[in-house]
Every structure is written in C-alpha cells, then in structure tokens.
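Presented below is the structure to which this report refers.
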Amino acid sequence: MPAPNLPVMITEVEAQSTQNAPIIARHRVVFPRAVARRTFGFVLDDACRRYWAKWYHEKLHPGEPFPDAKSKVFKRAMRLMESRLPRLVYANIPILKPLYPRLVTVQDKETPEKWWDMFVLKDSQTANWNVDEAVIECVRVFLHIGQEQEPAWYYALWPEY
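First residue of the sequence shown? That's 1354 in our numbering, and the numbers climb one at a time after it.
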C-alpha cells in the first residue's frame, strides 16, 4: 500500500560551490500525521488474546505444549501476538483498510485505570471511513470475538510505539 498523502514542504537552501556558482539544495520536510485520540474497533479480551498467542506458539513450535502464564515463552508469545495479529487480519481481509500495524492500547469505559488491547477499524482522524457491516462481521469471525461484543469508540493511550 502506498504511503498516505502527507503535507510536504520543500525548502530551498543556497550554497556556494568552489566555482562561486550557487547550488540549490532541496530539503523535504514531512509533517507528521495528527495523533488520533479516539479509536473504533474490537477490544480483545484475555481469552481472545490467549487463543491467538497459542496459535502463534503452535506455528513456531509445533508439538510443544503451550506454557503457563508466568513463563518467558508465554510473554514472548503474547508480544508476538500483539505485533503480528493486525497484519494477519489485513492479509486475510483485503477489503479492510490497514490503519495500525499493532494492537492499540485503550482505556476501559467503566474503570479508566484498566486497559485493553484493541483491533482498530477506524480512528478519530479517519472517522469518515465507512466500514461495512460485512467487513465488521468478517473481522469478528476471524478474531473469534463473540456476537455479544459490538465495535465501539474508546480513548487510546499514547504513545503506542
């Protein structure tokens, strides 16, 4: 996917060469994208996160049992799941526009001191994107999220990367 169209400012700097002829050097200054404060998508509960961590563990270490929650291997599998799961979803549902390469950390609505990992469908910067109900259902089925959970808006905790 090509890079998004970001505003670019080109500045010109004059420099003197050894022959006293001006040389124009151009510098590209790319302005960063504004940070989205709210995100819309599915929150992954512990069972869903554990399912995908186990799936990645079985892909990398076939035949080995899945470790308990206190081991380093379990923590590595969870980090791998957090960094790779969105790419897997985007690869398997090509109609879905890629937005974030990782899961985003969001605050719980009822208790703000709690946080969750979230798969983002759109954010406050891309709120005008229309996400079709069929795409939402494909993401729900692919991620093994129950029918009781609907995608919702949450406040993201930044910086994420």
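By construction, the Cβ of each residue, glycine as well, lies at the ideal position given by its N, Cα and C atoms.
**Request:** Mark Gln1500 as exposed unless 16 or more other C-beta atoms lie within 10 angstroms of its C-beta, in which case mark it buried.
**Result:** Residue mapping note: residue 1500 aligns to position 147 of the sequence shown, counting from 1. The residue in question, Gln1500, is exposed, as its Cβ has fewer than 16 Cβ neighbours within 10 Å.
**Asked** Within 10 angstroms of its Cβ, does Pro1439 collect 16 or more other Cβ (buried), or is it exposed?
**Response** The residue given as residue 1439 occupies position 86 in the sequence shown. Under this definition Pro1439 is a buried residue.
**Prompt:** With a Cβ-Cβ cutoff of 7 Å, do Pro1504 and Phe1395 count as a contact?
**Reply:** By 1-based counting over the sequence shown, the position of residue 1504 is 151. By 1-based counting over the sequence shown, the position of residue 1395 is 42. Yes, these two residues count as a Cβ contact at 7 Å.
**Request:** Starting from Lys1475, follow its DSSP beta bridges and name the residues at the other end.
**Result:** Locating residue 1475 in the sequence shown gives position 122, where the first residue counts as 1. Paired residue(s): Phe1393.
**Prompt:** Do Met1434 and Trp1405 have their C-beta atoms within less than 7 Å of each other?
**Reply:** Here residue 1434 corresponds to residue number 81 of the sequence shown, with the count starting at 1. Here residue 1405 corresponds to residue number 52 of the sequence shown, with the count starting at 1. Cβ atoms of Met1434 and Trp1405: closer than 7 Å.
**Request:** Just confirm the distance between the C-beta atoms of Trp1482 and Arg1391, as a whole number of angstroms; I'd bet it's less than 8 Å.
**Result:** Taking the first residue of the sequence shown as position 1, residue 1482 is located at position 129. Taking the first residue of the sequence shown as position 1, residue 1391 is located at position 38. Contact flag wrong, Cβ pair sits at about 14 Å.
**Request:** Assuming Phe1419 and Asp1476 form a contact by the criterion Cβ under 8 Å, report the distance between their Cβ atoms to the nearest whole angstrom.
**Result:** Residue 1419 sits at position 66 when you count from the first residue of the sequence shown. Residue 1476 sits at position 123 when you count from the first residue of the sequence shown. 33 Å between Cβ atoms; not a contact.
**Request:** List the endpoints of the continuous beta strand (DSSP E) containing Trp1408.
**Result:** Residue numbering aside, residue 1408 sits at position 55 when the sequence shown is read from its first letter. Per DSSP, Trp1408 belongs to no beta strand (DSSP E); it is in the alpha helix (DSSP H), 1399-1413.
**Prompt:** What number of angstroms, rounded off, separates the C-alpha of Arg1403 from the C-alpha of Ser1424?
**Reply:** The sequence position of residue 1403 within the sequence shown is 50, counting from 1. The sequence position of residue 1424 within the sequence shown is 71, counting from 1. One C-alpha to the other measures close to 14 Å.
**Message:** On the DSSP bridge list, what partners appear for Val1543?
**Reply:** Here the chain comprises residues numbered 1354 to 1514, so residue 1543 is not present and cannot be evaluated.
**Same chain only: Cβ atoms within 6 Å of Gln1502, ignoring 5 sequence neighbours per side** = Here the question's residue 1502 lines up with position 149 in the sequence shown. Same-chain partners within the cutoff: there are none.
**Request:** Can you grab the Cα-Cα spacing for the pair Val1473 / His1414, in whole Å?
**Result:** Here residue 1473 is taken as the residue at index 120 of the sequence shown, counted from 1. Here residue 1414 is taken as the residue at index 61 of the sequence shown, counted from 1. So the alpha carbons of these two residues sit roughly 29 Å apart.
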